[in-house]
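Novice:
Chains as they are written, first to last, in the working numbering: chain V, 340 to 806; chain H, 115 to 564.
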């Protein structure tokens with residue numbers, strides 16, 4: 340395992356091109372494009388303001404830089420550095436900007452920039468701007484502009500199918516939720532139908548592009564499954580009254596739909612009957628199970644008072660770097676629970692993150708009131724495979740896009756890897772205080788990108804499996 | 115005489131013949147000449163009788179006393195038991211009262227709990243209805259606020275778009291071609307229809323794929339079931355003679371055999387039901403059989419029944435595992451063989467290349483043969499040459515021998531003619547010569563036949 344040197348980045352804006360060859364990072368106003376293998380700077384662009392969102396086009400030829408405060412979107416070309424494109428949303432303001440799957444259209448969701456100041460006083464919507472009025476589709480191929488009205492401001496109101504042919508958009512009109520399905524080729528409206536939700540919170544295509552999962556806000560547990568042609572296939576509701584769905588994940592083969600909810604359980608629906616296949620619980624005490632429990636044990640170096648000399652302290656941050664390794668603890672195991680404050684909204688309880696491995700075999704979940712624990716389930720056996728107990732709350736976890744290997748970070752300078760062979764903690768050899776905020780894999784599964792607060796470091800994986 | 119006077123004066127008031135006669139005794143007085151005189155005999159008799167009577171009376175009194183004692187002790191006992199029973203009765207009554215009291219208390223507590231439960235249920239229902247009503251209220255409020263909000267958004271949008279200071283617009287150097295290189299098409303009814311058809315095609319493809327997978331799975335499962343059924347029948351059939359249901363199993367086995375052929379291709383519900391029912395039947399039989407075996411095995415362990423035919427479950431299981439592994443290995447082997455065979459059959463793609471290939475293989479052999487011929491020829495040539503030289507040598511030797519014989523003959527002639535004083539020497543030389551001649555003959559000998 341090799342680590343590269345550290346580069347600067349801001350806002351966690353680091354993206355790898357879809358073809359896997361280039362790495363684009365934003366440093367304040369600048370956009371730096373490097374080669375992934377050599378890390379040499381290939382292109383350098385300067386934007387007009389601090390970049391809020393950066394995205395590669397699907398063919399890896401263009402990069403979109405959105406500056407929400409200024410309401411501007413700038414598009415850069417990798418092949419022709421002198422090509423420029425600037426989209427100004429005017430005084431209407433900009434909430435989000437993204438590419439369409441064909442890499443030639445940009446969808447901007449606008450808001451009222453001026454009103455935001457007032458709106459805080461009149462309509463307090465702290466978690467999202469909530470002021471989306473319309474989506475403008477700008478075409479880079481011709482002068483056409485399309486408008487889509489009444490997009491819904493929710494957790495996930497827009498999703499493209501995996502093959503990039505269809506877009507599903509959540510809309511709200513006259514206090515009713517609708518879903519529109521567009522053909523991305525020419526933005527033709529294919530289907531438009533009302534959904535039986537109280538307040539649609541999100542929608543997601545299945546990986547095979549034939550089923551659309553639509554779910555209600557957490558005030559009501561309701562999952563609706565629609566076919567591509569707009570027919571309602573099935574409705575699933577596990578219980579009433581209590582807070583409902585918190586996270587949703589499709590399995591890569593479209594066989595399973597995992598629904599994580601506020602009652603600390605994950606329910607798996609199967610794609611044949613759309614009924615519950617099994618529900619996974621996250622109990623505070625793990626007793627009889629075939630699972631392996633890995634506990635991170637930290638070893639702080641012990642220093643006697645006589646050894647504290649200036650020489651030693653300057654030798655390094657080694658004093659403050661704690662070693663850690665994993666120990667396998669025997670069952671029964673008590674999982675540390677953090678009791679949430681149930682009086683406040685959005686309580687930190689329930690399964691907030693679910694992710695399937697690329698081979699469909701494993702599911703990783705995180706229960707918010709057990710923030711230091713990560714659970715890995717075996718989908719073939721439909722049982723618990725492993726439990727990882729960390730020394731700090733888990734911040735981010737991602738599956739390797741090729742192998743069944745999980746990488747996670749907890750905000751310290753270590754990256755943790757789990758695979759069937761075992762669990763390992765690796766210290767990132769970076770000087771100073773490097774706190775890992777998030778990480779993501781390269782498409783080939785050979786490189787792991789580690790993002791700190793304002794730094795990025797690459798980790799090149801060894802070809803043979805780690806212990 | 116005085117005695118009789120005393121007796122008379124004392125006894126007369128006491129002893130009256132009336133009393134005696136009332137006791138059944140003779141009168142003790144007899145009349146002698148008109149005077150009442152005491153009859154001693156009868157008095158003695160009467161005295162004896164009186165003593166008897168007295169004895170009897172004493173005996174009776176004793177008995178009566180004994181009786182009386184018994185009765186009084188009985189009475190005492192009875193009194194004791196009666197007092198005990200009274201106490202017992204008292205305590206039972208108290209117990210009864212206590213239990214009744216307790217029962218009453220429990221009933222009251224049960225009533226209170228039931229009423230509590232009812233209250234709780236009512237409260238839950240009330241709360242649920244409150245939640246429902248609040249939910250509808252909130253929804254209504256949300257909708258109202260949403261409508262207000264969207265109205266305000268519309269108004270604001272109007273106001274802002276009327277302002278001319280900053281317009282929405284895009285500034286681009288030049289337009290970029292589509293990623294797939296094609297031109298974009300006009301939007302017509304045909305494109306709409308095309309989109310619809312493409313969408314349905316996608317859906318249909320997905321359904322087809324799904325159905326194929328399910329059919330494959332189904333076929334696999336059916337095969338497995340058939341196999342299981344056959345195996346179960348096979349396992350159960352040798353034990354038929356020991357079971358009573360001989361006739362019925364015979365019949366069902368025949369039926370099963372005929373069923374196998376029928377149901378292999380049918381997919382209708384009737385066939386499915388038949389298959390599953392027959393599997394269930396066989397499985398039940400097998401289960402019973404295994405249970406019997408288990409019982410027998412456990413008895414064997416206890417040492418009650420020693421049946422040499424039965425083997426322990428452990429050994430049986432191990433045997434099964436081993437056999438399964440063998441089967442798996444054989445299957446794998448067959449599969450690899452099949453693959454290799456397939457490969458072999460696949461590689462000669464057309465006849466020409468096959469012929470060429472064949473030639474290639476033969477070429478090597480041909481070359482090798484040529485080489486061998488060459489060496490063989492050379493060797494033959496060498497042999498020929500050698501033979502020729504040897505024959506020449508033999509001829510030469512023959513000549514030489516002839517000459518030598520001639521020389522010898524002349525030399526002998528010489529000797530014979532000049533035999534003077536050197537007889538002794540001549541004989542010696544002759545013998546040595548003859549030896550030499552013999553030696554030469556011997557050395558010459560083996561050389562000639564070639």
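Glycine is no exception: its CB is placed at the ideal position from the N, C-alpha and C atoms.
Which stretch, first to last residue, makes up the beta strand (DSSP E) that contains residue 736 (chain V)?
Specialist: 735-738
Novice: Would you mind giving the Cβ-Cβ distance between residue 343 (chain V) and residue 797 (chain V), rounded to the nearest angstrom? I have them listed as a contact below 8 Å.
Specialist: Their Cβ separation, rounded to whole angstroms, is 4 Å, which keeps residue 343 (chain V) and residue 797 (chain V) in contact under 8 Å.
Novice: Considering only DSSP beta bridges, list what residue 509 (chain V) is partnered with.
Specialist: Note: residue 509 (chain V) sits in a beta bridge opposite V:518.
Novice: According to DSSP, is residue 468 (chain V) helix, strand or coil?
Specialist: Here residue 468 (chain V) scores only 40 on pLDDT, less than 50, and its place in the model should not be relied on; the value that follows carries that caveat. It is coil, neither helix nor strand.
Novice: Output, in chain order, the set of chain H residues within a Cβ distance shorter than 9 Å of residue 527 (chain V).
Specialist: 301, 305, 306 and 309
Novice: For residue 257 (chain H) and chain V, any beta-carbon pair shorter than 8 Å?
Specialist: At least one chain V Cβ lies under 8 Å of residue 257 (chain H).
Novice: Quick one, which of V:528, V:535 and V:538 has its alpha-carbon nearest residue 310 (chain H)'s?
Specialist: Nearest to residue 310 (chain H) by C-alpha distance, out of V:528, V:535 and V:538, is V:528.
Novice: Going by beta-carbon coordinates alone, are residue 593 (chain V) and residue 610 (chain V) separated by less than 8 Å?
Specialist: yes
Novice: Closer than 8 Å, CB to CB, is residue 594 (chain V) near chain H or not?
Specialist: Taking Cβ atoms only, chain H never reaches closer than 8 Å to residue 594 (chain V), which makes this a no.
Novice: Check whether the Cβ atoms of residue 702 (chain V) and residue 754 (chain V) lie closer than 8 Å to each other.
Specialist: Contact flag unset, no.
Novice: Could you check the C-alpha separation between residue 437 (chain V) and residue 525 (chain V) for me, to the nearest Å?
Specialist: Cα to Cα, residue 437 (chain V) sits roughly 17 Å from residue 525 (chain V).
Novice: For residue 341 (chain V), which residues in the same chain have their Cβ closer than 6 Å to its Cβ, ignoring the five residues on either side in sequence?
Specialist: So the list reads 799, once near-sequence residues are dropped.
Novice: Taking all protein chains shown into account, decide if residue 441 (chain H) is buried (16 or more other Cβ within 10 angstroms of its Cβ) or exposed.
Specialist: So residue 441 (chain H) counts as exposed.
Novice: Indicate, with yes or no, if the ligand ATP has a heavy atom lying under 7 Å from the CB of residue 396 (chain V).
Specialist: Summarising the ligand content, the structure contains no ligands, and the ligand ATP is consequently not present.
Novice: Below 8 Å on the Cβ atoms is my contact criterion, and I expect residue 619 (chain V) with residue 716 (chain V) to pass it. Report the Cβ-Cβ distance as a whole number of Å.
Specialist: 6 Å
Novice: By alpha-carbon positions, which one of V:708, V:492, V:475 and V:683 ends up nearest to residue 486 (chain V)?
Specialist: V:475
Novice: Kindly indicate the opening and closing residues of the alpha helix (DSSP H) around residue 442 (chain H).
Specialist: Counting along the chain, the unbroken alpha helix (DSSP H) around residue 442 (chain H) starts and ends at 427-460.
Novice: Since residue 522 (chain V) meets chain H, which of its residues come closer than 7 Å, beta carbon to beta carbon?
Specialist: 309
Novice: Within the 8 Å Cβ cut-off, does residue 283 (chain H) reach chain V?
Specialist: yes
Novice: Residue 525 (chain H) by DSSP, collapsed to three states: which one?
Specialist: helix
Novice: Please state whether DSSP places residue 234 (chain H) in a helix, a strand or coil.
Specialist: helix
Novice: Is the beta carbon of residue 329 (chain H) closer than 8 Å to that of residue 400 (chain H)?
Specialist: no
Novice: According to a CB-to-CB cut-off of less than 9 Å, which residues of the segment 390-415 of chain H neighbour chain V?
Specialist: none
Novice: Could you check the C-alpha separation between residue 445 (chain H) and residue 718 (chain V) for me, to the nearest Å?
Specialist: 28 Å
Novice: Contact check, residue 444 (chain V) vs residue 478 (chain V) under 8 Å by CB: the rounded distance?
Specialist: At roughly 5 Å, the Cβ-Cβ gap stays under 8 Å, so residue 444 (chain V) and residue 478 (chain V) are in contact.
Novice: Return no unless some Cβ of chain C is closer than 8 Å to the Cβ of residue 548 (chain V).
Specialist: Among the protein chains in the structure shown, which are V and H, there is no chain C.
Novice: What residues of chain V sit near residue 314 (chain H), judged by a beta carbon separation below 9 Å?
Specialist: 567 and 568
Novice: Using a Cβ cut-off of 8 Å (strictly closer), state whether residue 244 (chain H) contacts chain V.
Specialist: Against chain V, the CB of residue 244 (chain H) has no partner CB under 8 Å away; the residue lies outside that interface.
Novice: What residues in its chain sit with their C-beta under 6 Å from that of residue 520 (chain V), if we drop five residues either side in the sequence?
Specialist: 505, 507, 529 and 530
Novice: Using only CA atoms, which one of V:405, V:409, V:396 and V:637 lies nearest to residue 416 (chain V)?
Specialist: V:396
Novice: Check whether the Cβ atoms of residue 807 (chain V) and residue 705 (chain V) lie closer than 8 Å to each other.
Specialist: Nothing about residue 807 (chain V) can be read from this structure; chain V reaches only from 340 to 806.
Novice: Any residues in the segment 333-351 of chain H with a beta carbon nearer than 9 Å to a beta carbon of chain V? Which ones, in chain order?
Specialist: none
Novice: Measure the alpha-carbon distance for residue 539 (chain V) versus residue 516 (chain V) and round it to whole angstroms.
Specialist: 6 Å
Novice: Would you say residue 236 (chain H) lies against chain V (beta-carbon separation less than 8 Å)?
Specialist: no
Novice: Can you tell me whether residue 247 (chain H) is buried or exposed? The criterion is at least 16 other CB atoms within 10 Å of its CB, across all chains shown.
Specialist: exposed
Novice: With 8 Å set as the bound, which would you pick, yes or no: does the beta-carbon of residue 253 (chain H) sit closer than that to a beta-carbon of chain V?
Specialist: yes
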